[in-house]
Amino acid sequence: MSRPAESVTPPPSENGQVAAPTGSALVSGGNTGHELRLRVGGMSCAGCAASIQGALEHQPGVRAATVSFTEGRARVQGDALNPAELIRVVQGRGFDATIEDSDDAPAPDELRTEIELRQQRTERAWRFRAIVGLGIWAPMETFHWTAHVMHWHFWWMGWLMLVGSTIVFAVAGAGFYRSAWRAAKKRTSNMDTLISIGATTAYLFSMVVIIAQQFGRLADQPLYFAEAAALLGIISLGHWLEARAAAKAGSAVRELLELQPDDAEVLTESGGDATHLIPSRDVMPGDHLLIRPGSRLPVDGTVIEGRSEVDESVVTGEPLPVRKVEGDAVVAGSMNTTGRLVVEASVDGRHTTVSRIADLVRDAQTSKASIQRLADRISAIFVPSVLTIGLLTFLGWWLLAGEPIIGVIATVTVLIISCPCALGLATPMAVMVGTGEASKRGILIKSAAALERAGKIRHVVFDKTGTLTEGLPRVHTIECDSRDHDERTVLQLAAAVEKPSEHPIARAIVRAAEDRELSIPTVDDFESLTGEGVRGRVGEYLVEVRRDDVASCRVLVDGRRIARLTLRDQVRPDARAAIEKLRTLGLQITMLTGDRRSAAEEIGRELGLEPSEIHADATPESKSAFVRELEGHVIMVGDGINDAAALAEADLGIAMASGTNIAIESADVVIPGDRVLAVAESIDLARQSLRTIKQNLFLAFIYNSSAIPAAAFYLLGPHGPLIAAMAMALSDISVIGNALRLKARLARARLRSS
47 MSRPAESVTP PPSENGQVAA PTGSALVSGG NTGHELRLRV GGMSCAGCAA SIQGALEHQP
107 GVRAATVSFT EGRARVQGDA LNPAELIRVV QGRGFDATIE DSDDAPAPDE LRTEIELRQQ
167 RTERAWRFRA IVGLGIWAPM ETFHWTAHVM HWHFWWMGWL MLVGSTIVFA VAGAGFYRSA
227 WRAAKKRTSN MDTLISIGAT TAYLFSMVVI IAQQFGRLAD QPLYFAEAAA LLGIISLGHW
287 LEARAAAKAG SAVRELLELQ PDDAEVLTES GGDATHLIPS RDVMPGDHLL IRPGSRLPVD
347 GTVIEGRSEV DESVVTGEPL PVRKVEGDAV VAGSMNTTGR LVVEASVDGR HTTVSRIADL
407 VRDAQTSKAS IQRLADRISA IFVPSVLTIG LLTFLGWWLL AGEPIIGVIA TVTVLIISCP
467 CALGLATPMA VMVGTGEASK RGILIKSAAA LERAGKIRHV VFDKTGTLTE GLPRVHTIEC
527 DSRDHDERTV LQLAAAVEKP SEHPIARAIV RAAEDRELSI PTVDDFESLT GEGVRGRVGE
587 YLVEVRRDDV ASCRVLVDGR RIARLTLRDQ VRPDARAAIE KLRTLGLQIT MLTGDRRSAA
647 EEIGRELGLE PSEIHADATP ESKSAFVREL EGHVIMVGDG INDAAALAEA DLGIAMASGT
707 NIAIESADVV IPGDRVLAVA ESIDLARQSL RTIKQNLFLA FIYNSSAIPA AAFYLLGPHG
767 PLIAAMAMAL SDISVIGNAL RLKARLARAR LRSS
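The structure is reproduced here in structure tokens:
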């Protein structure tokens, strides 16, 4: 029976520092040295993330850092990283931080539960604050306006509103004040600083007025207790809606993790179908699992018994089930549709394909596009700038206009209306949607930068073999020399003598016989003729298969030729449609191959390519040089070792999932191994995501650039703080809504294509 792996906490080192975990929390990062992942708690806005990121980037040995407010995660890349020091840096900014140790990573079910609990806690907290804030503000505001219309002047009205707003401050405002206080202790500021100062100013100003009114002064001055309460309630409502939207936008990871079942049926040693049920996370390599029809695979493995059709759309995006027999590989999360299978686990339950895909998607959603870094830089200096503008607003109204009361109201309005949340959410929300939707199509976009670059592509360069074609020779024609032997007989005899051979031509001939469901006779006296072919005795006949070249061979019986077989690499079924789709997107196409010109042009004609779009006889070096010399934004699509340099040279490298590990590692995007159309889908999806990012940033910039002057010049009137709170919440909602509109549009397109 399999046993769960033990969890080991790294001990402190001799200098008292916490040692880096042995897992991929601190992992090799290629040319960036190592990568450390942290979980960060206490962030309330994108400005918090920008503040932490700036602090991390200034640490010795750190080459790059990205902090995601929406994910609550940080990734730090560099050399000789000191985890304990980096944690202290984050804590020094007033936030919580822990190492995310992914070698002892949570199993998919544990991670799913963790994500759901975090989202539920966040939503519940903001919902409660919004209900309390708005629930008390609504009757306060109603009573205030009723008294104004009816000309009621009760002495206790102001005190009643003071009590109501104080309750709102204690409940709905507690989170804002804690965050602002943490920042103040570290001599920094964040969005909550603006909200806290704005709400407190309105509250204290109203306190001064109500006390003055007891002595017969400022009798006509309105109170802002209701506005202060509304500010906290409306912003809490905005955060609640934001949390709900972020959960929807980032649902791809949760949905991926849900594909892996919580439990697995492990076969016992007693034989038959006797099983015992264990958590999927406890499955170990070598365990034999019973997969019943209609159930999902808990781990990756190999079929050792049975045959069935398996729905692998979770990995490939291909909606049609794939036939699986003994020896075939299967992946976690895929659905067994028809027959009973026994699968030998090849990995443990914590490191399946599903969990690796989920990690890639989470990393992509945490990463940042270059366009977002501009927004982050603005957010980092935004709060100090707004505080300065607020001070200048008050001084201007007081010293220049002689209206200190208007100055207070205008200053409060400036502080409230200028929250940079919309600016900080503009890019990550669209990135979460784009990368998440891509993963549902089997497309893995490794970073936000890759998503951004894919949206700017103008030229697509394809490798031929294994990319536009299947990369495997298949029997193309069978030319029989006499009527004594038809195609079926020729194929049976050839397959019989080729079956013991591992040569690609041999495998193609055997595959052709199996595809036609022909019985393959037994061969005796098998002999491999080095460089020439094979021969053996099939019944009473001496059968030989002689290679003419890489694309043809002869079949001889007792020394007499009976047929000639030609072989060729087959174009992938959707390759031509993919090229046509790319043309409709306005992209230039080039096929780059190491094959001879004649073979390349034959495939090119089948794909609808012009001779000028075909470049043959290419070496790995010339492929890389060709890509480098192209002007404009270039994608290289390949699958082999000889494509790795060109993939790295291109603005964006796309690897087929069926390709070599080195090609996949060199690429920025990985697509299903048999779907060339996914190249066009990834570019189209990236363009739509980039368009949404630009729209969101435009909305955010327009909002802030117009709202702050309007507030400073008192254009919103005496009720400016209330209007400002509503406007700020609406700006966040508009950005979030635009991202969710992208999600709905991409989902509809995916459903149509499937």
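Here the sequence shown stands for residues 47 to 800, where the numbers follow this note's numbering.
Cβ atoms here follow ideal geometry from the backbone N, Cα and C, with glycine treated the same way.
- For the pair His-190 and Leu-127, the CB atoms are not nearer than the 8 Å cut-off.
- Counting the other CB atoms within 10 Å of its CB gives His-197 a total below 16, which places it among the exposed residues.
- Residue range 570 to 575 is occupied by the beta strand (DSSP E) that includes Leu-575.
- With a cut-off of 8 Å on Cβ pairs, the stretch 712 to 726 is not in contact with the stretch 432 to 440, counting fewer than three such pairs.
- Here Ile-280 is buried, its C-beta having at least 16 other C-beta atoms within 10 Å.
- Excluding the 5 residues flanking it on each side, Cys-526 has same chain C-beta neighbours closer than 8 Å at Asp-532, Glu-533, Val-536, Ile-608, Ala-609, in chain order.
- Assigned with DSSP and collapsed to three states, Val-214 falls in helix.
- Beyond the five residues adjoining it in sequence on each side, Ile-98 comes within less than 7 Å, by CB distance, of Val-86, Val-113, Ala-120, Val-136, Arg-139, Phe-141 in the same chain, given in chain order.
- In the three-state scheme derived from DSSP, where H, G and I count as helix and E and B as strand, Gly-436 is classed as helix.
- DSSP places Cys-467 in the uninterrupted alpha helix (DSSP H) bounded by 467 to 486.
- In summary, Ser-751 is exposed, with fewer than 16 beta-carbon neighbours lying within 10 Å of its beta-carbon over all protein chains present.
- In this structure, DSSP gives Asn-236 a state outside helix and strand, which the three-state scheme calls coil.
- The Cβ atoms of Ala-500 and Leu-743 do not sit closer than 8 Å to each other.
- Judged by beta-carbon spacing, Lys-370 lies beyond the 8 Å limit of Val-377, meaning their Cβ atoms are not closer than that value.
- Val-601 is a Cβ neighbour of Leu-539, given a cutoff of 8 Å.
- In the DSSP assignment, Thr-738 falls within the unbroken alpha helix (DSSP H) covering 723 to 758.
- Here Leu-441 has Gly-453 as same chain residues with Cβ atoms under 8 Å from its own Cβ, once five neighbours each way along the sequence are excluded.
- Counting only residues of its own chain and dropping the five nearest sequence neighbours on each side, Ile-463 has a CB closer than 7 Å to the CB of Ala-753, Ile-754, Ala-757, Ala-770, Ala-773, Met-774.
- For Ile-455, the closest alpha carbon among the candidates Trp-183, Gly-262, Phe-759 is that of Phe-759.
- Across the structure, Gly-179 and Gly-219 are spaced so that their CA atoms are roughly 9 Å apart.
- Nearest Cα to Asp-238 within the set Thr-384, Phe-222, Glu-590, Val-214: Phe-222.
- In the three-state reduction of the DSSP assignment, Ile-566 falls in the coil class, being assigned neither a helical nor a strand state.
- Under the DSSP assignment, Ser-114 falls outside any alpha helix (DSSP H), being part of the beta strand (DSSP E) whose first and last residues are 108 to 114.
- Residue Ile-739 holds the alpha-carbon nearest to the alpha-carbon of Ala-476 among Ile-739, Leu-82, Ile-177, Glu-169.
- When the five nearest sequence neighbours on each side are left out, no beta carbon in the same chain lies closer than 6 Å to the beta carbon of Thr-192.
- Shown here for Arg-487: same chain residues with a beta carbon closer than 7 Å to its own, the five before and five after excluded, namely Gly-363, Ala-724, Glu-727, Arg-796 in chain order.
- Check the Cα spacing between Ala-143 and each of Arg-622, Leu-84, Gln-267: the tightest is with Leu-84.
- Contact between Asp-594 and Thr-515 does not hold, since their C-beta atoms are separated by about 21 Å, which reaches or exceeds 8 Å.
- Residues Arg-175, Gly-179, Val-214, Phe-215, Ala-218, Gly-219, Phe-222, Ile-241, Ala-245 of the same chain have their beta carbon placed closer than 8 Å to that of Leu-278, with the five preceding and five following residues left out of the count.
- With fewer than 16 neighbouring CB atoms inside 10 Å of its own CB, Leu-761 falls in the exposed class.
- When only Cα atoms are considered, Val-506 and Ile-555 end up about 34 Å apart.
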